[in-house]
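Colleague:
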Amino acid sequence: METEVRPGTRWQHRNGNYYRVRMVVNEHADDPERYPLMVIYIDKQQRTWCKSVARFLAGMTPVVG
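Next comes the structure, spelled out in structure tokens:
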């Protein structure tokens with residue numbers, strides 16, 4: 000994966016909203032097809048969201064700084 004998704008990093012969705020990664024899960028799954036790498040992230044209202052890393056990276060850009 001080119002861009003590393005790590006807890007605490009900030010991202011901007013293509014619609015302009017900002018999110019913070021809380022955790023990445025399923026890193027140690029024995030069957031990655033059945034249990035893909037997932038990102039748990041929150042918005043500014045503290046709502047929780049979850050997507051596969053692939054889908055997350057398709058719509059997000061990392062925020063530097």
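In terms of numbering that gives the first Met the number 0, the sequence shown opens at residue 0 and continues consecutively.
Backbone N, C-alpha and C fix where the C-beta goes; we use that ideal spot for every residue, glycine too.
Apart from the five residues on each side of it in sequence, which residues of its chain come closer than 8 Å, Cβ to Cβ, to P6?
Modeller: Around P6: V20, R21, M22 and V23.
Colleague: Alpha carbon to alpha carbon, how far is A28 from Y34? Give it in angstroms, no decimals.
Modeller: 6 Å
Colleague: Taking the C-alpha atoms as reference points, what is the distance between D42 and E32?
Modeller: Near 27 Å, if we compare the C-alpha coordinates of E32 and D42.
Colleague: Can you give me the C-alpha to C-alpha distance between R13 and G58, rounded to a whole angstrom?
Modeller: 6 Å
Colleague: Could you give the first and the last residue of the continuous beta strand (DSSP E) run that contains V52?
Modeller: That residue, V52, is in no beta strand (DSSP E); its alpha helix (DSSP H) goes V52 to G58.
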